[in-house]
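Okay, so the sequence shown: first residue is 8 according to the working numbering, each after it adds one. Even glycine gets a Cβ: it sits at the ideal position worked out from N, Cα and C.
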Amino acid sequence: MSLTTRAAVVESGGAPFTLSDVELDEPGPQEAVVRMAATGLCHTDLGVASGGLPFPLPGVLGHEGAGVVEAVGSAVTGVAPGDHVVLSFTSCGGCRNCRGGHPAYCATWLPLNLIGGRRADGSSTISREGEPLGGHFFGQSSFAERALVDERSLVKVDPDVPLASIAPLGCGVQTGVGAVWNVLKPVTGSTIVVLGAGAVGLSAVMAAALTPATTIVAVDRVGERLSLAKELGATHTVHAGEADLGEALAEITGGQGADGIVETTGSAAVLRQGVDALAARGTLVIVGAPAFGTEVALDVNGMLGGKQVVGLTLGDAETQTFIPALVRLVKEGRLPLHRLISSYPFADIDQAVRDMVAGKAIKPVLVF
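In structure tokens form, the structure reads like this:
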């Protein structure tokens, strides 16, 4: 029998989120039904809701869920009813990258997570009055009171940590932290620059503060965000609206340039400025995603000093080990994620969207 639940549905590209009763399919062998406690709101949700990606609408988005397992499919072994879980992206588990510990680069990542709207076999997880809706978003579609979740999206977590405080770990925080820990891997005395002090950027700042990097620079156009970055571990800030980025970074680094840069803005112009500001053998990590087809020009001779530019999805994290470690850091107060979170009742999802777009809320978390 199917399960009826209340979800926030986007009817068409650019339409608001509207609450609607939907039916969840029976859990397949490797799926679970999760009662949502909280779910983060991410720019990726807004991008898809705007119609900017070929995700089938009407549909149910949401990919930073946290909740309690209610029922499991016949082949699920990793979790049981009653377990607390954080939901993250899904992956096939069988391709070379999945087997190698890099599931964010799964061969079928795009259709399984971002644009398919259905299970790998083409069947639908969510319907309304008999009509299939776009679902299976990041294997979860967590903008709903209950979600049908892929086993590979489920990460069992410490039940003593409030779920609303760790929901954003599944995407935004994991991405920012992973950029620093999994790609840049700062050594003693490193200079790390974070372009954009939103949820992902501030997560990168907090992660950098837990490494031997000695100079951590946050760059943004919003003064309050730079103040917060300082409190979260940045040693320097640059107000992009008031200073030339290249000149400011040259001054901070004594002309050496940055060893590692995390680019979260999705702006090709900012990306180019970042690459130009790298030290010899420095690395820039591309995290922010602009419109499909966006290109950036690079000074080829400028790259010959050993500079690297690396693209990144979801922090290149192996979720089953990475997320529980982050939960522990949150629990112990070493990753002060609560400083980024603004909570909203689920029914106020549209207000949360407006506050996020206006820059009032860094990381809205919808609470059920």
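| Item | Value |
| --- | --- |
| Verify whether the separation of the beta carbon atoms of Phe150 and Leu68 is less than 8 Å. | yes |
| Classify Arg346 as buried or exposed, calling it buried when 16 or more other Cβ atoms lie within 10 Å of its own Cβ. | exposed |
| Tell me which same chain residues have a C-beta within less than 7 Å of the C-beta of Val303, skipping the five on either side of it? | Ala275, Leu278, Arg279 |
| Counting along the chain, where does the beta strand (DSSP E) carrying Val92 start and finish? | 91-94 |
| Can you find the residues in the same chain that come closer than 6 Å, C-beta to C-beta, to Val245, ignoring five residues on each side of it along the sequence? | Val226, Ala255 |
| Kindly list the residues whose CB is nearer than 6 Å to the CB of Ile330, restricted to its own chain and excluding five residues on each side of it in sequence; keep chain order. | Val93, Val162, Leu176 |
| Please go through the stretch 183-212 and give each complete beta strand (DSSP E) segment of 3 or more residues, from N-terminal end onward. | 198-202 |
| Taking all protein chains shown into account, do 16 or more other C-beta atoms lie within 10 angstroms of the C-beta of Arg341, making it buried, or fewer, making it exposed? | exposed |
| Let me know the beta strand (DSSP E) ranges lying completely inside the stretch 101-159, each 3 residues or longer, listed in chain order. | 133-135, 153-157 |
| With DSSP as the reference, please indicate the residues paired to Lys237 in a beta bridge. | According to DSSP, which records beta bridges pairwise, Lys237 is partnered with nothing at all. |
| Quick one: which unbroken alpha helix (DSSP H) runs of 4-plus residues sit fully inside the stretch 25-89? Chain order, please. | 50-56 |
| What did DSSP end up calling Thr290 once you bin it into helix, strand or coil? | strand |
| Between Gly205 and Gly58, what straight-line distance do the alpha-carbon atoms span, to the nearest angstrom? | 22 Å |
| Decide if Ser98 is buried, meaning its Cβ has at least 16 other Cβ atoms within 10 Å, or exposed. | buried |
| By the three-class DSSP mapping on this structure, what secondary structure does Lys367 have? | coil |
| Taking just the CA atoms, how far does Asp283 sit from Ser95? | 34 Å |
| Which runs of the beta strand (DSSP E), 3 residues or longer, sit entirely within the stretch 331-362? | 348-352 |
| For Asp227, list the residues DSSP reports as bridge partners. | His246 |
| Report the option in Met310, Asp306, Glu270, Arg159 whose CA atom is closest to the CA atom of Ala377. | Because the chain spans 8 through 375 in this model, residue 377 falls outside it and cannot be assessed. |
| If Gly179 sits next to Gly47, beta carbons under 8 Å apart, how far is it from one beta carbon to the other, in whole angstroms? | 6 Å |
| Using the beta-carbon count (16 or more within 10 Å), is Asp157 buried or exposed? | buried |
| Which residue's Cα is closest to the Cα of Val374: Pro61, Ser19, Val29, Glu71? | Glu71 |
| Tell whether a beta-carbon distance below 8 Å holds between Gly35 and Gly100. | no |
| Gln315 lies in the beta strand (DSSP E); which residues open and close that run? | 315-318 |
| Below 6 Å CB to CB, which residues in the same chain sit around Ala174 once its five sequence neighbours on both sides are set aside? | Ala45, Thr46, Gly47, Glu71, Ala73, Val372 |
| With contact counted as at least three CB pairs below 8 Å, one residue from each stretch, are the stretch 49-64 and the stretch 15-33 in contact? | yes |
| Assuming Thr290 and Val334 form a contact by the criterion Cβ under 8 Å, report the distance between their Cβ atoms to the nearest whole angstrom. | Thr290 to Val334, Cβ: 28 Å. No contact. |
| For Ile376, does the three-state DSSP call read helix, strand or coil? | Absent from the structure is residue 376, since the part of the chain shown begins at 8 and ends at 375. |
| Can you list, in chain order, the residues of its chain with a C-beta nearer than 7 Å to that of Leu191? Leave out the 5 residues immediately preceding and following it. | Ile199, Gly267, Thr290, Val292 |
| Alpha carbon to alpha carbon, what distance is there between Leu217 and Ala368? | 25 Å |
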